[in-house]
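In the working numbering, the protein residues as written are 27 to 432.
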Amino acid sequence: MLVFEFKVYGKSVQLAAIDDAIRTAQFVRNSCIRLWMDVKDTGKNDLQKYCAVLATNFPFASELNSMARQASAERAWSSITRFYENCKKGIAGKKGFPQFQKDCRSVEYKTSGWKLEDNRKSITFTDKKGIGRLKIKGTRDLHFYQINQIKRVRLVKRADGYYCQFCIDVNRQENVEPSGNTIGLDVGLKEYYTDSNGVMIENPKFLREADKVLKRSQRRVSRKVKWSKNRGKAKTFLGKRHLKISRKRKDHAVKLARCVVQSNDLIAYEDLRIKNMAKNHCLAKSINDASWYQFRVWLEYFGKVFKKVTVAVNPQYTSSECSSCGEIVKKTLSTRTHVCKCGFVMDRDENAARNILSRGLSTVGHTGTFALDKADGGRFILPPNCRASNALGDETSAQAGEILFK
Numbered sequence: 027m028l029v030f031e032f033k034v035y036g037k038s039v040q041l042a043a044i045d046d047a048i049r050t051a052q053f054v055r056n057s058c059i060r061l062w063m064d065v066k067d068t069g070k071n072d073l074q075k076y077c078a079v080l081a082t083n084f085p086f087a088s089e090l091n092s093m094a095r096q097a098s099a100e101r102a103w104s105s106i107t108r109f110y111e112n113c114k115k116g117i118a119g120k121k122g123f124p125q126f127q128k129d130c131r132s133v134e135y136k137t138s139g140w141k142l143e144d145n146r147k148s149i150t151f152t153d154k155k156g157i158g159r160l161k162i163k164g165t166r167d168l169h170f171y172q173i174n175q176i177k178r179v180r181l182v183k184r185a186d187g188y189y190c191q192f193c194i195d196v197n198r199q200e201n202v203e204p205s206g207n208t209i210g211l212d213v214g215l216k217e218y219y220t221d222s223n224g225v226m227i228e229n230p231k232f233l234r235e236a237d238k239v240l241k242r243s244q245r246r247v248s249r250k251v252k253w254s255k256n257r258g259k260a261k262t263f264l265g266k267r268h269l270k271i272s273r274k275r276k277d278h279a280v281k282l283a284r285c286v287v288q289s290n291d292l293i294a295y296e297d298l299r300i301k302n303m304a305k306n307h308c309l310a311k312s313i314n315d316a317s318w319y320q321f322r323v324w325l326e327y328f329g330k331v332f333k334k335v336t337v338a339v340n341p342q343y344t345s346s347e348c349s350s351c352g353e354i355v356k357k358t359l360s361t362r363t364h365v366c367k368c369g370f371v372m373d374r375d376e377n378a379a380r381n382i383l384s385r386g387l388s389t390v391g392h393t394g395t396f397a398l399d400k401a402d403g404g405r406f407i408l409p410p411n412c413r414a415s416n417a418l419g420d421e422t423s424a425q426a427g428e429i430l431f432k
């Protein structure tokens, strides 16, 4: 599934109609959550039927396309399902009880309620909300795909305008010659990551760089009178600054992950729990700014696209274990050099990256390191029940399609 994003241009009346459609989608979702809370044993089909009841009782809900209402009900059910799954897993702490949405920013249409023009440069929404014909501008050409391949169309509101996303049902596969290289990655705050070959990538620290601008923009918002137009303008400016940082962070993660996957046949990395690590109030800001999880998601996604092996290993003792003799050398976070009794001296992060690679190879097996099955096009043959993610395995952690901007 590919997701292409285009900037939307229209009149102020049309943009106001998009806001109205987004508010209606929020109303449908919250109403479904309320039904689930009030009525016991409410299922997914009950929520779908309730959309028709809402359309009958509320005229503004009937103006929204029926499939768009069903998509909002599906969003409500996904939050309910996630809550059930967390309860079954016995996750400690909060289980993610479904909450009412206060700030919805998107409305999703399925296969009806919209019509894409033949030139693929404009889209018309045919429901009663009055959105009408909107111009779309982007670098991707939709002529390569049939209309029946577009399964979802989503209108998204951001700080710098409105966007239209097309979810296209297509499997992306690219063939790359095997390089015979394997690599282990140890992510950090000083360097973004250090690999098993000793190569270090600098941490860009996008949030830290823009910290002064963000603080100044936040003070500007605080000085304005609540619910005034000037406060709305200041909030929009602040939102644009945060949006720019998030886009920089994502662009860095995508380009870096693609480069790593194309250059190696096996990539091993730590299976970190970022949410638990961010509980450290001294390092939470820097950890969230590094966006290690986003980098991991794109590593696994490109691993599936280029038919490469990606392995998540247990991070326990990777920094303290000696990659030469296996001895545990305890060290504080400020100690950046690994010195072992056996005489082995190396940078702390590079030593950890070597341990990560060795654990990744032990998980996958040497078939993925030195032996390639020529009869299968040079792809890795994985042992059953391994935790690696590649094109041949059933398990994959690529949770997001490729979202291409501009």
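By construction, the Cβ of each residue, glycine as well, lies at the ideal position given by its N, Cα and C atoms.
Quick one: residues in its chain with C-beta nearer than 7 Å to the C-beta of residue i, no 5 flanking neighbours on either side, listed in chain order?
i, result
"Asp-195", "Met-27, Gln-175, Lys-177"
"Ser-98", "Ala-51, Val-54, Arg-55"
"Phe-332", "Glu-200, Val-202, Val-287, Gln-288"
"Ala-304", "Ala-310, Ile-313, Asn-314"
"Ala-279", "Ser-317, Gln-320, Phe-321, Trp-324"
"Ser-105", "Pro-124"
"Asp-46", "Lys-155"
"Ser-350", "Cys-366, Cys-368, Phe-370"
"Arg-116", "Reading off the sequence, residue 116 comes out as Gly, not Arg. If we look at Gly-116 and ignore the five residues flanking it on each side, it has no Cβ neighbours."
Residue i: which of the options sits nearest, CA to CA?
i, options, result
"Gln-320", "Ser-272, Arg-362, Cys-285", "Ser-272"
"Arg-146", "Thr-165, Cys-130, Thr-152", "Thr-165"
"Ser-388", "Lys-356, Lys-357, Ser-350, Ala-338", "Ala-338"
"Glu-217", "Val-65, Ile-59, Arg-362, Asp-45", "Arg-362"
"Asp-375", "Gly-224, Gly-187, Lys-276, Ser-254", "Gly-224"
"Lys-183", "Tyr-76, Asn-302, Thr-262", "Thr-262"
"Asp-167", "Phe-84, Tyr-110, Phe-32", "Phe-32"
"Ser-38", "Trp-62, Arg-60, Gly-158, Gln-74", "Gly-158"
"Arg-49", "Gln-127, Lys-70, Asn-71, Lys-75", "Gln-127"
"Ser-360", "Asp-373, Glu-100, Tyr-110", "Asp-373"
"Tyr-343", "Asn-306, Asp-277, Leu-298", "Leu-298"
"Leu-269", "Gly-187, Asn-302, Lys-281", "Gly-187"
"Asn-71", "Arg-242, Phe-84, Lys-141, Glu-100", "Glu-100"
"Ile-59", "Ala-43, Tyr-76, Ile-44", "Tyr-76"
In angstroms, rounded to a whole number, what distance separates the CA positions of residue i and residue j?
i, j, result
"Glu-143", "Tyr-35", "15 Å"
"Arg-257", "Cys-130", "20 Å"
"Thr-365", "Thr-208", "Checking the sequence, you will find Val at residue 365 rather than Thr. Taking the straight line joining both Cα atoms gives about 25 Å."
"Arg-275", "Ser-384", "29 Å"
"Ser-132", "Ile-382", "40 Å"
"Cys-190", "Gly-156", "16 Å"
"Arg-246", "Gln-96", "40 Å"
"Lys-238", "Asn-91", "44 Å"
"Leu-41", "Lys-121", "37 Å"
"Leu-61", "Thr-68", "8 Å"
"Gly-404", "Thr-220", "Residue placement at Gly-404 is flagged as unreliable, the pLDDT there being 36, under the threshold of 50; a coordinate-derived value is accordingly withheld."
"Asp-402", "Asp-212", "With a pLDDT of only 37 at Asp-402, under 50, the local geometry of the prediction cannot be trusted, and the value read off the model is given with reservation. In a straight line, the C-alpha of Asp-402 is about 31 Å away from that of Asp-212."
"Phe-170", "Ala-102", "33 Å"
"Ser-57", "Gly-352", "58 Å"
"Phe-84", "Ala-236", "45 Å"
"Ala-118", "Lys-255", "44 Å"
"Lys-141", "Asn-306", "49 Å"
"Ala-43", "Leu-240", "31 Å"
"Phe-109", "Asn-302", "19 Å"
"Ala-283", "Asp-277", "10 Å"
"Leu-233", "Arg-242", "14 Å"
"Asp-64", "Lys-114", "22 Å"
"Ile-162", "Lys-281", "25 Å"
"Ser-248", "Leu-73", "41 Å"
With a cut-off of 8 Å on the beta carbons, I'd call residue i and residue j a contact; round off their distance for me.
i, j, result
"Ile-293", "Gly-329", "7 Å"
"Gln-482", "Leu-215", "This structure cannot speak to residue 482, because the chain is shown only from 27 to 432."
"Glu-9", "Lys-154", "The requested residue 9 is not part of the displayed model; the chain covers only 27 to 432."
"Leu-160", "Ile-173", "At roughly 17 Å, the Cβ-Cβ gap does not stay under 8 Å, so Leu-160 and Ile-173 are not in contact."
"Lys-136", "Met-93", "4 Å"
"Gly-210", "Gly-386", "6 Å"
Measuring CB to CB, does residue i end up less than 7 Å from residue j?
i, j, result
"Pro-230", "Glu-296", "no"
"Lys-346", "Lys-356", "Note that residue 346 is Ser in the sequence shown here, rather than Lys. A contact, by the Cβ cut-off of 7 Å."
"Tyr-30", "Phe-192", "Note on residue identity: the sequence assigns Phe, not Tyr, to residue 30. Contact flag set, yes."
"Ser-222", "Arg-380", "yes"
"Glu-134", "Arg-198", "no"
"Ala-260", "Lys-250", "yes"
"Ala-81", "Ala-87", "yes"
Using a Cβ-Cβ cut-off of 6 Å (strictly less than) and excluding sequence neighbours within five positions of residue i, which residues of its own chain qualify?
i, result
"Cys-308", "none"
"Lys-266", "Ala-185, Asp-186"
"Asn-112", "Lys-121, Gly-122"
"Met-226", "Glu-217, Thr-220"
Apart from the five residues on each side of it in sequence, which residues of its chain come closer than 8 Å, Cβ to Cβ, to residue i?
i, result
"Cys-348", "Ile-354, Val-355, His-364, Cys-366, Cys-368, Phe-370, Asn-377"
Of all Cβ atoms in chain C, is any one closer than 7 Å to the Cβ of residue i?
i, result
"Gly-369", "Checking the listed chains, one finds no chain C in this structure; it contains a single protein chain."
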